[in-house]
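Asks: Below are the structure tokens for one structure; questions will follow.
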DNA sequence: AACGGTATAGGGGTTTTCCCCTATTTGGGT
DNA sequence: ACCCAAATAGGGGAAAACCCCTATACCGTT
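Protein chains in written order, with my numbering: chain A, 10 to 212; chain B, 10 to 212.
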């Protein structure tokens, strides 16, 4: 079911990659190294999880560019930025864009480990969240347009009678739709249904 | 009802305070200046809103310290950090701690204005949120412990019969509590009630 | 001692939901 | 031509919720 988290190291300096690899392996973390952002993107898939350690200064695509690209995806592992020549502005932008941390080389080993731990924790929780949401969305997709319409009105607290009038059909039709909705959404009670829908609304 | 947003400038350099004041007033924003964090704290009240422009290096209490103090409060205006001698680490910490922006002196006037605008927007939305939450919490406080207990079980989707058995009382007692809950929470439908409770849970 | 709020319990009635059926029409796919 | 999913509609009954009323007991305040 669950694979181990992987630390994806993306840095065009082989020395750095190897050093980080050793450091991570010393605490039992798996590592996958890439010499360029493109190399990483080529094998990127949504199953991967863990975190990214990303160098800013790289040929062709910078770490910050990769960060922006990944931000456009539905979901990606948390990012730790490392850089040899960082400035305040760059660091601010990176963190504002959601990076977990921004470290200057040469970094303290423990600081990087701490950031990676933090990133992996964040990955776990955000993946848990994403899974729940995806699950609910999958069920929602099973609804017909009409059922979806009824669902929305149910969630809004309308009684069947009112929904029937609203949609210009009989009450028994609404009852039928409503039963279908509960079945397809795998909701035992109205409370379950509302919880699912509000999670989508509020997150 | 609504007062204008105020830019609270906290910097021990009078020149800087005056420069920022002029800049802010040039676009019609109100300003309140303070020469120390303590001065600001002394007059701090939760009605204030707008944003803070905070210098890092100050005698006795630094901007970052003040940021930490305010973070302990239930709610405070968004913070823009400015500094003459910032480093990457400091910037990262400040943004991670929730600062809207971190600017180095001498800053570009437009950059500061942009940050302040962003901060004020954030203030508006976070105050709106906080108001909604406070409103719900106020109503919740009106419930007796027993009513609160019933509410929780209702939200969990339990039927009155089950709640009655759970609490070892009769069904009609539950009905009475339930009616009281709806009245005190000002909820017309179960849907309203669930929405309020889930907003508290999920935010 | 009287009062108000809380928790309890019940009667009696209406409305709504929920669940089990059947049944027709329409439109798409085999 | 046949079948299936979707949308429609209805009957009938059980369960639950909702509403209005009364009533008792306890507890703390005035």
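No residue lacks a Cβ here, since even glycine has one placed at the ideal position from N, Cα and C.
Using a Cβ-Cβ distance cut-off of 8 Å, determine whether residue 147 of chain B contacts chain A.
Replies: no
Asks: Tell me, please, which residues DSSP counts as bridged to residue 42 of chain B.
Replies: B:18
Asks: Return the Cβ separation of residue 215 of chain B and residue 64 of chain B in integer angstroms, given the expectation that the two are a contact with Cβ distance under 8 Å.
Replies: Because residue 215 of chain B is not part of the residues shown, which for chain B are 10 to 212, the question remains open.
Asks: Can you give, in chain order, each stretch of the alpha helix (DSSP H) that sits fully within the region 80 to 120 of chain B and has at least 4 residues?
Replies: 97 to 105
Asks: Is the distance from the Cβ of residue 190 of chain A to the Cβ of residue 172 of chain A below 8 Å?
Replies: no
Asks: For residue 61 of chain B, write down the residues that DSSP places opposite it in a beta bridge.
Replies: B:17, B:88
Asks: With DSSP run on the structure shown, which of helix, strand or coil describes residue 52 of chain B?
Replies: helix
Asks: State the CB to CB distance for the pair residue 113 of chain A and residue 95 of chain A, rounded to an integer number of angstroms; the pair is presumed to be in contact (CB under 8 Å).
Replies: 5 Å
Asks: Does the region 150 to 165 of chain B touch the region 65 to 72 of chain B, meaning 3 or more C-beta pairs lie closer than 8 Å?
Replies: no
Asks: Name the two residues that bound the continuous alpha helix (DSSP H) containing residue 181 of chain B.
Replies: 180 to 193
Asks: Is residue 193 of chain B closer than 8 Å to residue 2 of chain B when the C-beta atoms are compared?
Replies: One cannot answer for residue 2 of chain B here, as it falls past the ends of chain B, which runs 10 to 212.
Asks: Using the Cα positions of residue 137 of chain B and residue 39 of chain A, report the straight-line distance between them to the nearest angstrom.
Replies: 44 Å
Asks: Short of 7 Å in beta carbon distance, which residues of its chain neighbour residue 85 of chain B, apart from the five on each side in sequence? Order them along the chain.
Replies: 79
Asks: What is the rounded straight-line gap between the Cα of residue 183 of chain A and the Cα of residue 165 of chain A?
Replies: Their Cα atoms are separated by approximately 15 Å.
Asks: Could you tell me which chain A residues have their CB closer than 7 Å to the CB of residue 111 of chain B, listed as they occur along the chain?
Replies: Correct list: 97, 101.
Asks: For a test of your reading of the model: does the CB of residue 22 of chain B fall under 7 Å from any non-hydrogen atom of the ligand FMN? Yes or no.
Replies: With respect to small molecules bound, the structure shown includes none, and the ligand FMN cannot be examined in it.
Asks: How far does the alpha helix (DSSP H) with residue 206 of chain A in it extend, from its first residue to its last?
Replies: 199 to 211
Asks: Are the beta-carbon atoms belonging to residue 211 of chain B and residue 208 of chain A less than 8 Å from one another?
Replies: yes
Asks: Tell me, please, whether the region 97 to 113 of chain A touches the region 100 to 115 of chain B by the rule of three or more beta-carbon pairs shorter than 8 Å.
Replies: These segments touch.
Asks: Can you tell me where the alpha helix (DSSP H) with residue 151 of chain B in it begins and where it stops?
Replies: Under the DSSP assignment, residue 151 of chain B falls outside any alpha helix (DSSP H); it carries neither an H nor an E label.
Asks: Mapping DSSP to helix, strand and coil, what is residue 66 of chain A?
Replies: Coil.
Asks: Do you know offhand how far residue 37 of chain B's Cα is from residue 132 of chain B's?
Replies: 17 Å
Asks: Just how far apart, CA to CA, sit residue 244 of chain A and residue 15 of chain B?
Replies: Limits of chain A in this structure are 10 at one end and 212 at the other, which puts residue 244 of chain A out of reach.
Asks: Flag residue 203 of chain A as yes if its beta-carbon sits less than 8 Å from any beta-carbon of chain B, otherwise no.
Replies: yes
Asks: If you draw a straight line from the C-alpha of residue 19 of chain A to the C-alpha of residue 76 of chain A, how long is it?
Replies: 11 Å
Asks: Shorter than 8 Å from the beta carbon of residue 71 of chain A to some beta carbon of chain B?
Replies: no
Asks: Could you tell me the alpha carbon to alpha carbon distance between residue 23 of chain B and residue 51 of chain A, rounded to whole angstroms?
Replies: 55 Å
Asks: Using only the alpha-carbon positions, how far apart do residue 142 of chain A and residue 203 of chain B sit?
Replies: 19 Å
Asks: Of the choices A:46, A:167, A:61, whose alpha-carbon is the least far from that of residue 197 of chain B?
Replies: A:167
Asks: Along the chain, where does the alpha helix (DSSP H) containing residue 35 of chain B start, and where does it finish?
Replies: 23 to 35
Asks: Determine, using beta carbons only, whether residue 21 of chain A and residue 41 of chain A come nearer to each other than 8 Å.
Replies: no
Asks: Tell me, to the nearest whole angstrom, how far the beta carbon of residue 129 of chain B is from that of residue 59 of chain B; I am working on the premise that it is less than 8 Å.
Replies: 6 Å
Asks: Using a Cβ-Cβ cutoff of 9 Å, what residues of the region 164 to 177 of chain B are near chain A? List them in chain order.
Replies: 164, 165, 166, 167, 168
Asks: Would you kindly check if the distance between the Cβ of residue 97 of chain B and the Cβ of residue 111 of chain A is under 8 Å?
Replies: yes
Asks: Using a C-beta to C-beta distance shorter than 7 Å, which residues of chain A count as neighbours of residue 105 of chain B?
Replies: 104
Asks: Can you give me the C-alpha to C-alpha distance between residue 118 of chain A and residue 124 of chain B, rounded to a whole angstrom?
Replies: One C-alpha to the other measures close to 34 Å.
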